[in-house]
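*Asks:*
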Amino acid sequence: MLIKDITDTIEEAAPLALQESYDNAGLIIGDPGETCSGVLFCVDVTPDTAEEASRRGCNLIVSHHPLIFKGLKRLTGATMQQRAAIAAIKAGIAVYAAHTNLDAAENGVNHTLATMLGLTGITPLATPPGVIGNLSPALTATELVDRIKSVCGSPVTRCTVPPVHRLSRLALCGGSGAFLIDDAVAAGADAFLTSDVKYHDFVDNAERIFIIDIGHYESEKCTKQIFYHIVSKKFPNFALYYSETEKNPINYL
Numbered sequence: 012m013l014i015k016d017i018t019d020t021i022e023e024a025a026p027l028a029l030q031e032s033y034d035n036a037g038l039i040i041g042d043p044g045e046t047c048s049g050v051l052f053c054v055d056v057t058p059d060t061a062e063e064a065s066r067r068g069c070n071l072i073v074s075h076h077p078l079i080f081k082g083l084k085r086l087t088g089a090t091m092q093q094r095a096a097i098a099a100i101k102a103g104i105a106v107y108a109a110h111t112n113l114d115a116a117e118n119g120v121n122h123t124l125a126t127m128l129g130l131t132g133i134t135p136l137a138t139p140p141g142v143i144g145n146l147s148p149a150l151t152a153t154e155l156v157d158r159i160k161s162v163c164g165s166p167v168t169r170c171t172v173p174p175v176h177r178l179s180r181l182a183l184c185g186g187s188g189a190f191l192i193d194d195a196v197a198a199g200a201d202a203f204l205t206s207d208v209k210y211h212d213f214v215d216n217a218e219r220i221f222i223i224d225i226g227h228y229e230s231e232k233c234t235k236q237i238f239y240h241i242v243s244k245k246f247p248n249f250a251l252y253y254s255e256t257e258k259n260p261i262n263y264l
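All residue numbers for the sequence shown refer to the working numbering, where the first residue is 12 and numbers rise by one.
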């Protein structure tokens, strides 16, 4: 099996044409014609995940966030990004990313997160890649936040003042999705789940919708399961691994 066989399979589910113009999804390092020995799935490529892939006999890392997002002018090991790229190249490891194309794909990040949270009647928001669905039965704000924390594995969330009424419609966008708040309100959402919400987004929308910021990593770590499902469905007996060394770069004290 070739590296290209794995990446083509991912692109069948998340075509590169779906990525945003600013993105750098696709094969970033490596030869697509090389024989693939195993695949490590992660959210971010770091020197630790490169070492883990090598230790596990994998010569392909599939990540959600592109290791090289903007052009690199040098590889000297001066940054974590450069050290990760150097480690992968030295070990003969190819690096591939499915980012905003996976966000926008059918059964991608947002549809998967909505399903994990038990939403029904899931439909897209007017602006991609957000989705909205029904909470049945309706939940109190505390019940909804507790469910989100449990599903996403976060000890905390940042929220606007919880409303007193029960919530029956939840919109969401994994990653940085505050730009979709207006779409969520227009679609009739009682609550909106995303990450990287700025202070003034909370202030300006506090009376319009219940905003829940779960954290960027927490909202997208399901990408590892998505990658595994896509690839294992076609290659059920191949060497596929979730990264065990990867950690949320944000710590809660």
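We put the CB at the ideal spot given by N, CA and C, even for glycine.
Is DSSP giving Asp193 helix, strand or coil here?
*Replies:* Here Asp193 sits in helix by DSSP.
*Asks:* Closer than 8 Å by C-beta to Thr126: which residues in its own chain qualify, once you throw out the five before and the five after it? Chain order, please.
*Replies:* Correct list, in chain order: Ile133.
*Asks:* State buried or exposed for Pro166, treating a residue as buried only when at least 16 other CB atoms are found within 10 Å of its CB.
*Replies:* Exposed, since its Cβ has fewer than 16 Cβ neighbours within 10 Å.
*Asks:* Restricting to Cα atoms, I'd like to know which of Ala137, Ala200 and Thr138 is closest to Glu218.
*Replies:* When only C-alpha atoms are compared, the closest one is Ala200.
*Asks:* I'd like to know if the region 38 to 57 and the region 83 to 90 are in contact, where contact means that at least 3 CB-CB pairs between them fall below 8 Å.
*Replies:* No: fewer than three Cβ pairs fall under 8 Å.
*Asks:* In angstroms with no decimal places, state the Cα-to-Cα distance between Val156 and His110.
*Replies:* About 26 Å.
*Asks:* Leaving aside the five residues before and after Ala28 along the sequence, list all residues of the same chain whose C-beta is less than 8 Å from its C-beta, in chain order.
*Replies:* Here the set comprises Asn112.
*Asks:* Contact between the region 162 to 181 and the region 215 to 234 is defined here as three or more beta-carbon pairs at a separation below 8 Å; is this criterion met?
*Replies:* The answer is yes - the region 215 to 234 touches the region 162 to 181, with three or more Cβ pairs under 8 Å.
*Asks:* How big is the Cα-Cα spacing for Val172 and Asp215?
*Replies:* Distance between the alpha carbons of Val172 and Asp215: 12 Å.
*Asks:* May I ask you to report which of helix, strand or coil DSSP gives Asn145?
*Replies:* Strand, per DSSP.
*Asks:* Using three-state DSSP, classify Ser243 as helix, strand or coil.
*Replies:* Note: Ser243 maps to helix in three-state DSSP.
*Asks:* CB-CB under 8 Å to Ile97, same chain, minus the five flanking residues each way: which ones, in chain order?
*Replies:* Closer than 8 Å at Cβ, skipping near neighbours: Leu86 and Gly88.
*Asks:* Rounded to a whole number of angstroms, what is the C-alpha to C-alpha distance between Arg158 and Asp193?
*Replies:* For Arg158 and Asp193, the distance between alpha carbons rounds to 24 Å.
*Asks:* Where do the N-terminal and C-terminal ends of the alpha helix (DSSP H) with Cys163 fall, by residue?
*Replies:* Ala152 to Cys163 is the span of the alpha helix (DSSP H), which, as asked, contains Cys163.
*Asks:* Using 8 Å as the threshold, is the region 94 to 108 in touch with the region 24 to 43, meaning 3 or more CB pairs across them?
*Replies:* Cβ pair count under 8 Å is three or more, so yes.
*Asks:* Tell me whether the region 234 to 250 and the region 118 to 125 touch, counting them as touching only if at least three CB pairs, one residue from each stretch, are closer than 8 Å.
*Replies:* The region 234 to 250, when compared against the region 118 to 125, does touch it at the 8 Å Cβ threshold.
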